[in-house]
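Going by my numbering, the letters in the sequence shown line up with residues 413 to 628, in that order.
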Amino acid sequence: MSPTPAKSIERVVLEGRYIRLEPVEQRHASELFAVSYTPDASARYQWLPSNPPETEDAVAQWIKHANAGDDIYYAVIDKSTGKAVGRQGWMRTRPEHGSVEIGGIYWGLPMARSRLSTEALFLFAQHAFDDLGYRRFEWKCNNRNEPSKAAAQRFGFLYEGLFRNDMIVKGESRDTAWFSIIDSEWPVIRAEFERWLDPGNFDDLGQQKSKLVTRR
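Structure follows, in structure tokens:
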């Protein structure tokens, strides 16, 4: 059977159990600034192409610029508070080839290393594979960014290789590590996400009872 193109990605809300993904708008600026302007902001923005915003207006300008480009950015809304706690985007979208990347990720401290960030990733993957028919879901990062590489592998992405001297970012040379999940792998990975995200897998403090194991 010949591969077929995927559907184009549109700015739609993606609803989860713990979070909701909303196309980023100016109304998200103050909350995104609040989770970005932190004492450890420089470290948390180390691997992003931009520097930490110093004002709410800087976030508003970023949103304006982001929405004028080809990538589609989302605010991650914590459903328990109704507040934006991070953002992520669709990048390198190629529906004609059935390939898309998640990127531009900034998951604030309220959601980092939690079921919120895991569900945020899951909702993108689920929408890409199950709703839109993509064959390939990509994750890329600076090869020196060990936490990002570890997160990719935890989420089920397979390491594909290193693009040496791929970019110049913030005046430094970047070697880019490439990861992907493809459609034939997705059913098993999806089932593990669904098992892990079930409320029964968490105690009263929201701590996991068992780990996410996407590849065996």
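Glycine residues also receive a C-beta, built at the ideal position from the N, C-alpha and C atoms.
Item to check | N- and C-terminal bounds of the alpha helix (DSSP H) containing P435 | outcome: P435 -> not in any alpha helix (DSSP H); beta strand (DSSP E) instead, spanning 431-435.
Checklist entry - Can you tell me whether M413 is buried or exposed, with buried defined as 16 or more other CB within 10 angstroms of its CB? => result exposed
Checklist entry - DSSP beta-bridge partners for Y486? => result P435, Q500
Item to check | A537 (DSSP reduced to helix, strand or coil) | outcome: DSSP places A537 in helix when its eight states are reduced to three.
Next on the checklist: Please classify E434 as buried or exposed, where buried requires at least 16 other C-beta atoms within 10 Å of its C-beta.
Outcome noted: buried
Item to check | Span of the beta strand (DSSP E) around K621 | outcome: Here K621 belongs to no beta strand (DSSP E), and DSSP marks it neither H nor E.
Checklist entry - Count the other CB atoms within 10 Å of the CB of V425; is the residue buried (16 or more) or exposed (fewer)? => result Label assigned to V425: exposed.
Item to check | For F549, the residue or residues it bridges with in DSSP | outcome: The partner list for F549 (beta bridge, DSSP) reads V512, I593.
Next on the checklist: Which residue wins for smallest C-alpha separation from T505, given the options R607, I594, K419?
Outcome noted: Taking only the C-alpha atoms, the option nearest T505 is K419.
Next on the checklist: Strictly by DSSP, which residues pair up with K495?
Outcome noted: D490
Item to check | Buried versus exposed call for N554 [16 or more other C-beta atoms within 10 Å across all chains shown] | outcome: buried
Checklist entry - Per DSSP, M579 is paired with what? => result M579 is bridged to R586.
Checklist entry - For the alpha helix (DSSP H) that L460 lies in, which residues bound it at each end? => result Run containing L460: none; DSSP gives neither H nor E here.
Checklist entry - Does the separation of the CB atoms of R547 and I594 fall below 9 Å? => result yes
Checklist entry - Should E584 go down as buried or exposed, given a rule of 16 or more other Cβ atoms within 10 Å for buried? => result exposed
Item to check | Boundaries of the alpha helix (DSSP H) in which I421 is found, first to last residue | outcome: Where I421 is concerned, there is no enclosing alpha helix (DSSP H), given that its DSSP letter is neither H nor E.
Item to check | Residues near N463 by beta carbon distance below 7 Å, same chain, minus five either side | outcome: Y457
Checklist entry - With which residues is R506 paired in a DSSP beta bridge? => result S511
Next on the checklist: Is the separation between the beta-carbon of V497 and that of G520 shorter than 9 Å?
Outcome noted: yes
Next on the checklist: At the level of alpha carbons, what is the spacing between A441 and V471?
Outcome noted: 6 Å
Next on the checklist: Just to confirm my understanding: we take A537, look at its own chain, exclude 5 residues before and 5 after, and list those with CB closer than 6 Å. What are they?
Outcome noted: F549
Item to check | Contacting residues, own chain, Cβ-Cβ under 7 Å from I431 (five flanking each side not counted) | outcome: When the five nearest sequence neighbours on each side are left out, the beta carbons in the same chain lying within less than 7 Å of the beta carbon of I431 are those of V488, I489, D490, K491, L528, E531, A532, in order along the chain.
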